[in-house]
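**Q** Chains A and B, in that order, give the protein sequences. The opening residue of the first sequence carries number 61 in my numbering; numbering runs sequentially from there. The opening residue of the second sequence carries number 3 in my numbering; numbering runs sequentially from there.
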Amino acid sequence: MKQFKNLVRPYIIWSFVLIVVPLFLIVLYSVTTGGNSLVNIQFTGENFKKIFEPVYMNVFIRSFKLGLITTVLCLVIGYLLAYFISRFSEKAQNILILAVTIPMWINMLLRTYAWISLLSDNGIINSLLTLLGLDPVSMMYTDFSVIVGLTCDLLPFMVIPIHTSLAKMDHSLIEAAYDLGANPFKTFWRVVFKLSIPGVVNGTIMVFLLSISSFVIPKLLGGGQYVLIGNLIEEQFISVGDWNFGSAISLLLAVAILIMIRIMKKIDPDENGGA
Amino acid sequence: MKKGKIGSIIYVALCLAFFYIPIIVTMVFSFNSSKSLTKFTGFSLKWYEALVTDRDIVSAVGVSLSIAVIATVVSTILGTITAIGLSRSRRVVKEWLLNVNNIPIMNPEIVTAISLMILFSSMKIERGYVTMLLAHICFCTPYVITSVYPKVRSLDPNLANAAMDLGATPFQALTKVIVPMIKPGIYAGVLLSFTMSFDDFVISYFVTGNGVANISIIVYNMTKRTNPTINALSTIVIIVIVITLLVVNLAPAIVKKRQERKKKAAGLEDGSLIETEK
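#1: Based on DSSP bridge pairs, tell me the residues matched to Phe45 of chain B.
#2: Roughly how far, in whole angstroms, is the beta-carbon of Ser225 of chain A from the beta-carbon of Leu255 of chain A, given that I think they are within contact range, below 8 Å?
#3: Tell me Gln102 of chain A's beta-bridge partners as DSSP assigns them.
#4: Could you give the distance in angstroms between the alpha-carbon of His138 of chain B and the alpha-carbon of Val132 of chain B?
#5: Threshold first: 4 residues or longer. Then list the alpha helix (DSSP H) segments lying entirely within the segment 140-219 of chain A, N to C.
#6: Could you check which residue in A:Gly94, A:Val136, A:Gly105, A:Gly306 has the C-alpha nearest to that of Phe217 of chain A?
#7: Can you check whether the CB of Thr211 of chain A is closer than 7 Å to the CB of Thr130 of chain A?
#8: Taking three-plus beta-carbon pairs below 8 Å as touching, is the segment 168-175 of chain B in contact with the segment 96-114 of chain B?
#9: The alpha helix (DSSP H) with Trp303 of chain A in it runs from where to where?
#10: Does any residue of chain A have a CB that is nearer than 7 Å to the CB of Leu275 of chain B?
#11: For Val71 of chain B, which residues in the same chain have their Cβ closer than 8 Å to its Cβ, ignoring the five residues on either side in sequence?
#12: Of all the alpha helix (DSSP H) runs that stay within the bounds of the segment 116-180 of chain B, which reach a length of 4 or more residues?
#13: Could you tell me whether any Cβ in chain B is nearer than 7 Å to the Cβ of Ser90 of chain A?
#14: Listed in chain order, which residues of the segment 203-227 of chain A have Cβ atoms closer than 7 Å to some Cβ of chain B?
#15: Under 7 Å between C-beta atoms, does Thr237 of chain B make it to chain A?
#16: Would you check if the segment 62-81 of chain B and the segment 199-213 of chain B touch, i.e. whether three or more CB-CB distances between them fall below 8 Å?
#17: Using beta carbons (cut-off 7 Å, strictly below), is Gly87 of chain B in contact with chain A?
#18: Give every residue of the same chain whose Cβ lies closer than 8 Å to the Cβ of Arg263 of chain B, excluding the five residues on either side of it in the sequence, and list them in chain order.
#19: Mind checking which residues open and close the alpha helix (DSSP H) that includes Asn262 of chain A?
#20: In chain B, which residues lie less than 9 Å from Met168 of chain A when you measure between Cβ atoms?
#21: Between Phe305 of chain A and chain B, is the shortest Cβ-Cβ distance under 7 Å, so that the two count as touching?
#22: Look at the alpha carbon of Val244 of chain B and the alpha carbon of Ser180 of chain A, and state the distance between them as a whole number of angstroms.
#23: Can you list the residues of chain B that Gly290 of chain A reaches, using a CB-CB cut of under 7 Å?
#24: Taking the Cβ atom as the reference point for each residue, do Asn107 of chain A and Ala308 of chain A lie within a distance shorter than 7 Å?
#25: What whole-angstrom Cβ distance do Leu281 of chain A and Met200 of chain A have, given they're in contact under 8 Å?
#26: Would you mind telling me which residues of chain A sit closer than 8 Å to Met119 of chain B, beta carbon to beta carbon, in chain order?
#27: Please report how far the alpha carbon of Leu157 of chain B lies from the alpha carbon of Ile127 of chain B, in whole angstroms.
#28: With a cut-off of 7 Å, does the C-beta of Pro182 of chain B fall near any C-beta of chain A?
#29: With C-beta atoms as the reference, is Ile116 of chain B less than 7 Å away from Phe208 of chain B?
#30: What separation, rounded to the nearest whole angstrom, lies between the Cα atoms of Leu240 of chain A and Leu215 of chain A?
#31: Could you name the residues of the same chain whose beta carbon sits closer than 6 Å to that of Pro144 of chain B, not counting the 5 residues immediately before and after it, in chain order?
#32: Can you grab the Cα-Cα spacing for the pair Ile11 of chain B / Phe122 of chain B, in whole Å?
#33: Indicate, with yes or no, if the ligand ATP has a heavy atom lying under 6 Å from the CB of Leu292 of chain A.
#34: If I measure Cβ to Cβ from Tyr71 of chain A and keep anything under 8 Å in the same chain, skipping five residues before and after, which residues do I get?
#35: With a 10 Å radius around its C-beta and 16 neighbouring C-beta atoms as the bar for buried, classify Ala175 of chain B as buried or exposed.
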C-alpha cells in the first residue's frame, strides 16, 4: 500500500505552481508598485490606502449590501422551497430537486441574457403590463434587475443544502414535539429549523460568497455604471491596467470572505462537534 | 392539511417558473422570424442558419468543447490518483494538500482568475488556448478530489494489499480493485468538471488572449447588441445539458432495475449482491 503514497506528488507540484504561487503573486503585487516589471520593484502601502478612499469604499459597501439583500432573499425563498419540497413523496422530491438543479448546470451568461429580454423597457414583462392596461415600469439597469438576476442564479445553491438537511431529518421528531405540547411555530423553530442549520449555513455561505464577488450579472443587468467589487477588479486588470491596486482589492475580498466563512462555520453545530 | 398541500404546490410551481421562464423564453425566441426579443412574429430557423455560418461562434463551440473534454480527462486522472495517494499520505501532507486544494473552491472565482492571469504574464506565457486549458484543469481538479477522496477513505485499507498478496501488481491493484470501487465518486467528478469547464466565463475571460474565445466569452461580447443568434446557441446548449443530466440521473435507476431483475433471475438471496453494490 505504501506505493500509492507517491501518487500525490504530481499534484503537490501542480498545486504549488498553479495555486500557491499565484496567490503569493497577488500578495506581492498588492504591496508593490511598478505593475508587471519585477525589476524595479518597490514596496508600498499605497494600494491598500487607496481602497479607503470614499469612491472605492462606496463600492465595497454597495457590494456588501447587495450581497446581503440577495442572501436574505435566497434564504427566505429558498428555505420555504426546500421545506415544501421535503414534504412531498420521495419520488416527487427527487424530480423536484433535479428540476432545481438543472438551471445550475446551464450557462449563467445565457440565463442572464434571457433576463434582459424579460426586464428591458420594451421587454416581455412590460408588454404584458401594457396589455393589461398598466403603465410600463423601468426595471433594467437598477438594483432590482441585478437582484432578480442574482437571486435566480443563486437560489439553487441555497435550496439544495437546506433540502439535504431537511430530508435527513427524522419526521417522528416533529410528532414527538407535538406530543410534548409544542405549538406548530415552536415545533418549527426549536426542532425543524434547528436541525436544518447545517444546510442553512452552507447555503448562506455559498450565496453570499458568489453574490458579493459576481461581476457578470451586475454588468449585464446593471449596466455600465453599476460598479461592484467584481467590476472594480475587472476594470483594474482589463481597462485601467493598475494590477497592483486590483491585486490589493482582490486580496481584501478574499480575506474578508475567508473570515466570514470562519464565522459562519462557528454557527454550524456539525462543524464544531467534528473537527 | 389539504389546503396546506395546495399552497405548497403553488409555491413550488412559482419558484420553478422563476427558474424556467428565462430558459423557455430563450428557447421560444430562438425560433422567432424577426430580430425582436419581445414579439414573436413567426416561426423560422434563420437564427440557427446564422449560427452555423458564423465562424466566430463555430470556433467558440470548438474551443469550449475541446477544452472541456481535455480538462475533464486530465483533472479526473490527476484528481483520482491524488485522492488515492492522499489516503496513504502522512497527516501533515494530507492536511496541507487538502487545505491548498480548498483554495480554488473557496476563493471567489475572480480572485482565482486574476491570480492565474498574473502568473501567466509574469512567467511570460502568451495568453491563449494553452493558458485557458491550464486554468480549467486548475479549477476542475479540486472538485474531482473532493468528490473522489471521501470514497477512497471509506475503502478498506487492506483491499489493495490483499490484491497484491494474491499476485496483482500495484498498477493492477489500482485499476482492477480500487478504481472500480470508487467509480461513483469519479463519475461525479467527471460530470462536475465537464459542466464547470463548459460553462466557465470568469476565469476564461481573464486568462485568454489572442482572440481565443469560448462560448461564454462570445455571448458576453455579443450581449452589447441584440442578437437572437445567442438564443439559438443557448437553445442547443440547454438541450445538450438537459439530456446529459437526465441520462446521468436516470441511468443509475435503470442499472439498478436491471441488476434487480438479474438477481431475481439468478434466484439469489438479498445479501450477496447488495454487498458488492456498495
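Note that CB positions come from ideal geometry on N, CA and C, so glycine has one too.
**A** Taking the structure as given:
#1: B:Asn34
#2: 7 Å
#3: A:Thr93
#4: 10 Å
#5: 150-165, 168-179, 184-191
#6: A:Val136
#7: yes
#8: no
#9: 303-327
#10: Any reading at Leu275 of chain B needs caution, since the residue's pLDDT is 44, under 50, leaving its predicted position unreliable; the model's value is listed next. No, Leu275 of chain B lies away from the interface with chain A (no Cβ there is under 7 Å from its Cβ).
#11: Phe196
#12: 131-155, 161-167
#13: no
#14: Cys212
#15: no
#16: yes
#17: yes
#18: none
#19: 257-272
#20: Asp201, Phe203, Ser218
#21: no
#22: 27 Å
#23: Ile112
#24: yes
#25: 7 Å
#26: Phe297
#27: 42 Å
#28: no
#29: yes
#30: 35 Å
#31: Asn103, Pro106, Ile107
#32: 51 Å
#33: The ligand ATP is not part of this structure, which contains no ligands at all.
#34: none
#35: buried
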